Amino acid sequence: MKLKNFVSTSVVADIFKKGGFKNGGGYRLLDCDGDLQSRNHQEFMKTKYGKFEEMMAMKTKQYWDYLEKHIPQAVHIDLNIATYPGLYESYAMYPPEIFQKYARLLGISRSEHIVLYGRQYIAGMMLPCRISWLFKYYGHGAVSIVDGGLAAWEKDGGEITREVPEITPGDWEAELCSDCIVTYEQLVEKDSSGMNIFDKTDQINFFDTRPRDQFEGKVDNIFDPKKVSGSHVPGTKCAPAIEMISEKGRLKDPKELKNWLQKCGFKQDLPIISQCLRGVQACFLNLVIEDLFPSVRPRVYHGSCSELQARDPKRISE
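When we follow the UniProt record's numbering, the leftmost residue of the sequence shown carries the number 1, and every step to the right adds one.
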């Protein structure tokens, strides 16, 4: 059964009933969480970088939330362990040979289809989407997110537990697939005519997925007013990730989403780059676009506006 980027709770329930999430069942269920507070780059590099077993043993709030309740057979994955704070990126990605150590500790095997769910943020899907894109970057495309997250699972009568499954180390291997992201260096690289991507936003779908009031500068952002004069990059299109969620806490239906994308200025024949504040919400939009238009290959600007503020603040000028 080939699964899309987003799957319903009924699909997950069917896999569960057939034993798909047990060791050797072909699927791996991951409970996704993370702390969105800023992390200190220098301190992390000295004390935690790549020390996955030590970080997994820490009793963080997100781990206690997992222990309190989760879907049976789900293994906890933490975005703050899976990534590290870079100089400019909040969630910098480890070299593949290092990240695969963490994936194996989670029991993941290369042949498995990974199913992710989360809590809170944007109907329990924001952090799973970031983690899904992380696996895509490391060459594992067989990943799906539970539509509506843990809340939807519970609402639909799904079983929950406090029991932690026994983990057998996996044989997962990372294969770098960097064409799903775009770096700052790539954005500012000039072509033969002396123009960079920021100069050609009319030739691409360059989306900003932050909430609309942040994009429009109607509320305070994290931007330093001494460095940044505006609230978004000129030429970027506002496509807030939160607007893809229905009143029921699930993704809107495909027709609604396509209409919404058109209103956001989406043109199917143009390349797609998405950004947000720290490269998390942008992953959500891109995964939705992939489901709606399977032939499209969008990219995420991983550093997003936070990196621009640090390295090139004048870009955020409107």
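C-beta: ideal position from N, C-alpha, C; glycine also.
Just so we're clear, the structure is a prediction, and the values are computed from it rather than from any experiment.
Proximity to residue i [Cα-Cα], best of the options
i           : options               : result
residue 205 : 2, 257, 300 and 97    : 300
residue 90  : 309, 315 and 317      : 309
residue 164 : 112, 181, 8 and 22    : 22
residue 88  : 148, 318 and 313      : 313
residue 184 : 218, 198 and 137      : 198
residue 160 : 169, 166, 168 and 150 : 150
residue 26  : 99, 59, 143 and 49    : 143
residue 11  : 145, 86 and 92        : 145
residue 318 : 287, 218, 291 and 250 : 218
residue 153 : 93, 304, 288 and 70   : 70
residue 75  : 167, 17, 102 and 18   : 167
residue 251 : 264, 262, 271 and 289 : 289
residue 61  : 77, 186, 201 and 50   : 77
residue 319 : 47, 16 and 195        : There is no way to answer for residue 319, as the model of the chain reaches only from 1 to 318.
Contact belief for residue i with residue j at Cβ below 8 angstroms, rounded distance in angstroms
i           : j           : result
residue 96  : residue 175 : 7 angstroms
residue 170 : residue 119 : That belief does not hold up - the Cβ atoms of residue 170 and residue 119 are roughly 24 angstroms apart, past 8 angstroms.
residue 240 : residue 278 : Contact doesn't hold; Cβ gap of about 15 angstroms is too wide.
residue 147 : residue 7   : 7 angstroms
residue 276 : residue 231 : In fact, because the Cβ distance is near 13 angstroms, the residues do not count as touching under 8 angstroms.
Buried/exposed call for residue i, threshold 16 Cβ in 10 Å
i           : result
residue 73  : buried
residue 64  : exposed
residue 136 : buried
The beta strand (DSSP E) enclosing residue i, as first and last residue numbers
i           : result
residue 32  : 27 to 33
residue 275 : 272 to 275
residue 192 : Residue 192 -> no beta strand (DSSP E), and no H or E assigned at all.
residue 78  : 75 to 78
residue 206 : 205 to 208
residue 143 : 143 to 146
residue 113 : 113 to 117
residue 299 : 299 to 301
Bounding residues of the alpha helix (DSSP H) (the contiguous stretch that carries residue i)
i           : result
residue 66  : 61 to 68
residue 262 : 254 to 263
residue 130 : 126 to 137
residue 289 : 281 to 292
residue 102 : 96 to 105
residue 311 : 304 to 311
residue 14  : 9 to 17
residue 218 : Premise fails: residue 218 is in no alpha helix (DSSP H) and is neither H nor E.
The segment 122 to 129 touching the segment 218 to 229, judged by at least three CB pairs closer than 8 angstroms: With fewer than three CB-CB distances shorter than 8 angstroms, the segment 122 to 129 does not count as touching the segment 218 to 229.
Three-pair Cβ contact test at 8 angstroms for the segment 272 to 290 versus the segment 126 to 146: Yes: at least three Cβ pairs fall under 8 angstroms.
The segment 188 to 195 contacting the segment 109 to 118, beta-carbon criterion three pairs below 8 angstroms: Verdict: no, contact absent.
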